[in-house]
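Chemist: Quick note on numbering: our numbering labels position 299 of the sequence shown as 286, and the sequence is numbered without any gaps. For each residue, glycine too, the CB sits at the ideal point set by N, CA and C. Since we're looking at a predicted model, the values are computed, not measured. Please find one structure pasted underneath; my questions will follow.
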Amino acid sequence: MKKLSLLMALGLGLGVVGCGDDTAESATTDTGTADTATDTGSGSTDTGTADTATEDTATEDTATEDTTPVPTDEQFSGPFSYVWRIQIPQSGTDAECCFDFTADGVTDNGLGTLIGALGAISTDIDIQATLDGAVADGSIALLLEYAGLAEITKTGPTQLWFYLATNDIDGDGSGDQDWATALKAGEGIFQVQPTSLDADGSPLIKFESARISSDVLSAGPGDFPLTIPIPGLLTLDVTIKQAQIEADVRPEASGIFTNDADIDSDGDGTPEVWGGGKLGGVIPVDQVIGILNDLANDCACAGIAPDAAVIIAGEGTDQYDVACDPNITINDGACTDADGVICGNLSTVCGFAPALPTLGLIDVDTNGNTIPDAISVGLRLSMSGATLENPPVAPAAP
Ligand SMILES: [Ca+2]
Ligand SMILES: [Ca+2]
Ligand SMILES: [Ca+2]
Ligand SMILES: [Ca+2]
């Protein structure tokens, strides 16, 4: 179960916006690595350049707190969409989701297929239910801003800006409006989380070229860099390749809504309801291995050196091979929960690693040598209109 968290994070990755590292520096004592830039602001406006490191080393941050970034005139003017449902298709039905990355006319979704298989093996594993719960309780609140979209017609060229948001404007710890009746209906009022903005207040994640035409929203394909904070574990940095969006949409006064798609995904003759938005791309396996090795490097408790390449991986003669270095001794029995889920399960991960290429997860060849080296992913999105509170950006977390 535990080792699924990373896979789940990858699954969520397409839908979850990134996290900047320039959140509030309100602690009196910082313990992390150095800031490389300078905060010159002294009051409500931070005019300094970006903090590029994760935390401060100084014993005290002598500047005043970083505050809400100042938006440009156009930013936060909308229109917006709130993502009220994220679905991971799991049965592998071609029509479910999302895009064909192998030019064989059949859609590819390696991650969805794997998650479906895991769910079939163990009924404890219901990643879709976990995801639904996280969206309904507001832990995952994703807003899209259609930047520069024609105001009246809500059609034509646009940029697609992604924000992590909150509906808990009054800060009492729970959403201010009902998800099922208000948020899904486009009546939601949100604030943007400052973690989804860079030091200049611009969105960290965006499709710079998108379009709404004949009630179809489209964006990409292109590189889609994501930074996904996983609390207590790591910040996952991945670049989704060939990322694209396609959605059946309708503009309304409160923003852009998707129209549901009726697809008989289980083949019983009765259609199921799927979100009208499709978001997909491929994740190079090298990136995933790099993340796993970064995690393993923090496993001093298991006797792993900070620079060890625990997992050795790459394209072999007929497949992408994955294995742990047999010369590295893993003693993960000495690790505790405090060392994170990966360290305590490192030998399990290593036992599992050689089977990875056999799961059908690695299914797309991105460098033309016919050997698959990337994982296709696809999500279905359901969206409704939304409104931003004034001020549009939530206070930085303490
Ligand atoms: Ca295909
Ligand atoms: Ca609240
Ligand atoms: Ca059906
Ligand atoms: Ca290849």
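Return helix, strand or coil for Pro378, following the three-state DSSP convention.
Modeler: Note: Pro378 maps to strand in three-state DSSP.
Chemist: Measuring from the CB of Asp251, is there a heavy atom of ligand 3 at a distance below 6 angstroms?
Modeler: Asp251 Cβ: within cutoff of ligand 3.
Chemist: Compute the minimum distance between the beta carbon of Asp91 and the heavy atoms of ligand 1, and state whether it is under 6 angstroms.
Modeler: At least one heavy atom of ligand 1 is nearer than 6 angstroms to the Cβ of Asp91, so yes.
Chemist: Less than 7 angstroms separating the beta-carbons of Ile362 and Gly106?
Modeler: No. Outside cutoff.
Chemist: So, under 8 angstroms CB-CB, Ala340 and Val309 are touching, yes? Tell me the CB distance rounded to an integer number of Å.
Modeler: Right, their Cβ atoms sit about 5 angstroms apart.
Chemist: DSSP beta-bridge partners for Ala206?
Modeler: Ala197 and Ile232.
Chemist: Locate the alpha helix (DSSP H) running through Ala186, then write down its first and last residues.
Modeler: Premise fails: Ala186 is in no alpha helix (DSSP H) and is neither H nor E.
Chemist: Taking 7 angstroms as the cut-off, decide whether the C-beta atoms of Val336 and Ile315 are in contact.
Modeler: No, Cβ-Cβ distance for Val336 and Ile315 is not below 7 angstroms.
Chemist: Jot down the residue ranges of each uninterrupted alpha helix (DSSP H) in the segment 67 to 132, minimum 4 residues, whole runs only, in chain order.
Modeler: Entirely contained in the segment 67 to 132, the alpha helix (DSSP H) runs reaching 4 residues are, in chain order, 97 to 108 and 114 to 123.
Chemist: Skipping 5 residues on each side, what residues in its chain have a beta carbon closer than 6 angstroms to that of Trp166?
Modeler: So the list reads Ala123, once near-sequence residues are dropped.
Chemist: Cβ of Ser161 within 6 angstroms of any heavy atom in ligand 2?
Modeler: Yes, the beta carbon of Ser161 sits closer than 6 angstroms to at least one heavy atom of ligand 2.
Chemist: Quick check: does the Cβ of Asp155 come within less than 6 angstroms of any heavy atom belonging to ligand 2?
Modeler: For ligand 2, at least one heavy atom lies less than 6 angstroms from the Cβ of Asp155.
Chemist: Using a C-beta cutoff of 7 angstroms, does Ala287 count as contacting chain D?
Modeler: Absent from the structure: chain D. Only one protein chain is present.
Chemist: Judging by CA-CA distance, which residue of Cys322, Asn246, Gly264 and Ala152 is the nearest neighbour of Ile232?
Modeler: Nearest of Cys322, Asn246, Gly264 and Ala152 to Ile232, Cα basis: Gly264.
Chemist: Can you list, in chain order, the residues of its chain with a C-beta nearer than 6 angstroms to that of Gln306? Leave out the 5 residues immediately preceding and following it.
Modeler: Within the same chain, Gln306 has close Cβ partners Pro344.
Chemist: So what's Phe339 in DSSP terms, helix, strand or just coil?
Modeler: Helix, per DSSP.
Chemist: Mind listing which residues have their beta carbon within less than 5 angstroms of any non-hydrogen atom of ligand 4? Chain order is fine.
Modeler: Taking each Cβ in turn, the ones that pass are Asp352, Asn354, Asn356, Ile358 and Asp360.
Chemist: Gly158: buried (16+ other C-beta within 10 angstroms of its C-beta) or exposed?
Modeler: Gly158 comes out exposed.
Chemist: Which value, in whole angstroms, describes the spacing of the CA atoms of Asp388 and Thr304?
Modeler: With the chain represented from -12 up to 385, any question about residue 388 goes unanswered, as that position is not in the structure.
Chemist: Considering Cα atoms alone, identify which of Leu151, Cys322 and Ser126 is closest to Pro181.
Modeler: Checked all of Leu151, Cys322 and Ser126; the closest Cα to Pro181 is Leu151.
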